[in-house]
Amino acid sequence: MLERQGTARESLQQPKEKEDNRFEASHREDIIITAKLNSKKCTTKGDINFLRIIDKVMETKVKSMKVVKSGFNSIDLYYDSIIKANKCLDLNKGILREEQDIWFDIMERIARRKEVISDWDMSLLKLSEALDDKNKIISAEKMRKQIFNGETKTFEWIDIKNILVTFERNELPEKLSLYEGLTAIRVRPYIPAVKQCFKCYKYGHIKQYCKKEYNLCVVCGRESHGNCENEYKCINCGGKHKTNFKGCPI
Numbered sequence: 001m002l003e004r005q006g007t008a009r010e011s012l013q014q015p016k017e018k019e020d021n022r023f024e025a026s027h028r029e030d031i032i033i034t035a036k037l038n039s040k041k042c043t044t045k046g047d048i049n050f051l052r053i054i055d056k057v058m059e060t061k062v063k064s065m066k067v068v069k070s071g072f073n074s075i076d077l078y079y080d081s082i083i084k085a086n087k088c089l090d091l092n093k094g095i096l097r098e099e100q101d102i103w104f105d106i107m108e109r110i111a112r113r114k115e116v117i118s119d120w121d122m123s124l125l126k127l128s129e130a131l132d133d134k135n136k137i138i139s140a141e142k143m144r145k146q147i148f149n150g151e152t153k154t155f156e157w158i159d160i161k162n163i164l165v166t167f168e169r170n171e172l173p174e175k176l177s178l179y180e181g182l183t184a185i186r187v188r189p190y191i192p193a194v195k196q197c198f199k200c201y202k203y204g205h206i207k208q209y210c211k212k213e214y215n216l217c218v219v220c221g222r223e224s225h226g227n228c229e230n231e232y233k234c235i236n237c238g239g240k241h242k243t244n245f246k247g248c249p250i
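Pasting the structure below:
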C-alpha cells in the first residue's frame with residue numbers, strides 16, 4: 001500500500017507565518033503562479049471556471065507566456081520575468097482572500113518542497129533536538145499508511161517510521177546535518193499518491209468532480225451492476241486486475 005500523509009500525533013514545530021508572497025531576485029527556476037477562483041464564484045463545470053479565471057486574469061493586464069489548467073477551479077500562469085510575476089502577486093495586497101474573485105499565489109511546488117526521512121525511529125522531539133539547522137524547515141510530521149484488516153474487513157491507518165519534512169522554497173537538501181555536524185541523515189523527494197476517482201476510476205480527479213454520468217464497475221469496467229463475478233479487466237490499462245489495483249502500470 002502506498003504511503004500517505006495522515007494526521008500526525010506529534011509535529012516538529014508549528015508552521016511558520018507566511019512571508020511576503022513574492023519571488024526573490026535570486027529565484028532561478030520556472031516562474032509559475034497559481035490563480036484560484038473564489039469558491040463563491042465557482043460553478044459545477046470546470047471548463048466554465050477555467051474561462052472565468054482567464055477573463056479575470058486578462059483584466060490584470062499582466063501578460064503571461066503560457067496558461068495551464070491545474071485544477072477544478074485553478075490555473076497555472078507561466079511568466080518570463082520575476083517583475084511581471086510579482087506585479088501579479090501584488091494584486092492581492094490590501095484585500096482579504098475571501099473578498100477576491102481570483103487569488104494569486106506562488107505555485108505550491110515552488111513555494112514549498114517536501115522530502116521524506118526514512119531512517120529515524122525516535123520521536124520528533126528527539127529529531128528537533130538533533131537537527132543542526134531548523135530555520136529552513138517549515139514543518140515535519142509522522143506519516144501513516146493504510147492497511148486492510150483481515151479480521152474486521154476494514155481499512156485502517158497505522159503509523160510508519162517515515163517523516164514528512166516541508167522546506168521553504170528553493171530548499172531541497174540530500175542530507176540533514178545532525179548532532180553538531182557529527183553525522184547526517186538522508187532525505188528523499190516526497191512523491192504524493194495520485195488521486196483516483198471512485199466513479200469512473202480514472203486518475204487525476206475525485207468522484208465529486210467526475211463528469212461521468214454513471215458509476216463503473218471496479219472489477220470488469222462496465223457500468224456498475226452490484227456484486228460482480230466477471231473476469232477482471234482494468235479500465236485504465238486493460239489488464240486482468242481490478243481497476244483500483246495499486247500495481248497497475250498506468
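The sequence shown begins at 1 in full-length UniProt numbering and counts up by one.
Glycine included, every Cβ here is placed at the ideal spot set by N, Cα and C.
A quick note: this is a predicted structure, and the numbers were derived from the prediction, not measured.
Between the stretch 191–210 and the stretch 232–248 there are three or more inter-stretch CB-CB distances shorter than 8 Å, so the stretches are counted as touching.
When DSSP states are grouped into helix, strand and coil, Gln208 belongs to the helix group. Beta-bridge pairing by DSSP links Thr34 to Asp76, Asp105.
Ile33 sits close to Ala85, with the two beta carbons spaced by under 8 Å. A contact is defined here as three or more CB-CB pairs under 8 Å, and the stretch 74–84 meets this definition with respect to the stretch 54–64.
In the DSSP assignment, Arg22 falls outside any beta strand (DSSP E) and carries neither an H nor an E.
The beta-carbon distance between Val165 and Val187, rounded to whole angstroms, is 7 Å. This is short enough to meet the 8 Å contact definition. Between His225 and Cys217, the C-beta spacing is below 8 Å. Judged by DSSP in its simplified three-state form, Met143 adopts strand. When DSSP states are grouped into helix, strand and coil, Asp159 belongs to the strand group.
For Leu176, the enclosing beta strand (DSSP E) covers residues 175–178. Annotation for Arg97: no alpha helix (DSSP H) segment contains it, and DSSP assigns it neither H nor E. Contact check for Leu131 against Leu178 passes: the beta carbons are separated by less than 8 Å. Under the three-state reduction of DSSP, Ala193 is assigned to coil, being neither helix nor strand. Residue pairing of Leu131 in beta bridges, as defined by DSSP: Leu178. In the DSSP assignment, Gly71 falls within the beta strand (DSSP E) that extends over 66–71.
Closest by C-alpha distance to Asp47, out of Val68, Asp30, His27, is Val68.
The shortest C-alpha to C-alpha distance from Met107 to any of Asp30, Pro192, Lys136 is the one to Asp30. When secondary structure is reduced to three states using DSSP, Phe50 falls in the helix class. In the three-state scheme derived from DSSP, where H, G and I count as helix and E and B as strand, Asn86 is classed as helix. Judged by pairs of C-beta atoms under 8 Å, the stretch 38–45 does not touch the stretch 120–129, as fewer than three such pairs exist. The shortest C-alpha to C-alpha distance from Ala193 to any of Glu229, Arg144, Glu151, Cys234 is the one to Arg144.
Between the alpha carbons of Asn21 and Tyr190 lies a distance of about 24 Å. Note on geometry: alpha-carbon atoms of Asp101 and Lys66 lie some 21 Å from one another. In the three-state DSSP reduction, Glu213 falls in the coil class, being neither helix nor strand.
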